[in-house]
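A short worksheet on the structure shown next.
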Amino acid sequence: MQDPYLYITLAAAGLIGLAIIAAAALRGWSGWLELKRAELGRRFEEAAPPSASARIEVADLKERIRKLEAIAAGVDL
9 MQDPYLYITL AAAGLIGLAI IAAAALRGWS GWLELKRAEL GRRFEEAAPP
59 SASARIEVAD LKERIRKLEA IAAGVDL
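Below you can see the structure in the form of structure tokens.
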């Protein structure tokens, strides 16, 4: 017959191994969440209102699009 202490030792070792793997997984999950929080914080910091030159450029592009649509429709400007 097998020694009963062998089964207790194997069960304890398995439980300790499972606890170590769970702790490592939780630490990795926590690190991943912290990384995502940092990315979101950086994204909101970079979002600045458009400058005057950017607004002028957008207005110029809208005007070009309006002219191209008029040309495509056959309207003479």
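At position 33 of the sequence shown (counting the first as 1) the number is 41 in the numbering used here, and the numbers step up by one without a gap. Glycine included, C-beta positions come from ideal geometry on N, C-alpha and C.
For residue i and residue j, I'd like the C-alpha separation in whole angstroms.
i	j	result
glycine 36	isoleucine 24	18 Å
phenylalanine 17	alanine 33	What sits at residue 17 in the sequence shown is threonine, not phenylalanine. Taking the straight line joining both Cα atoms gives about 24 Å.
aspartate 11	lysine 44	50 Å
alanine 19	glutamate 42	35 Å
glycine 49	isoleucine 64	29 Å
valine 66	serine 38	42 Å
alanine 60	alanine 31	52 Å
isoleucine 28	tryptophan 40	18 Å
What is the DSSP secondary structure of residue i, reduced to helix, strand or coil?
i	result
valine 66	helix
serine 59	coil
glycine 22	helix
glycine 82	coil
Spatial neighbours of residue i within its chain, please: C-beta separation below 8 Å, excluding the five flanking residues on both sides.
i	result
aspartate 68	none
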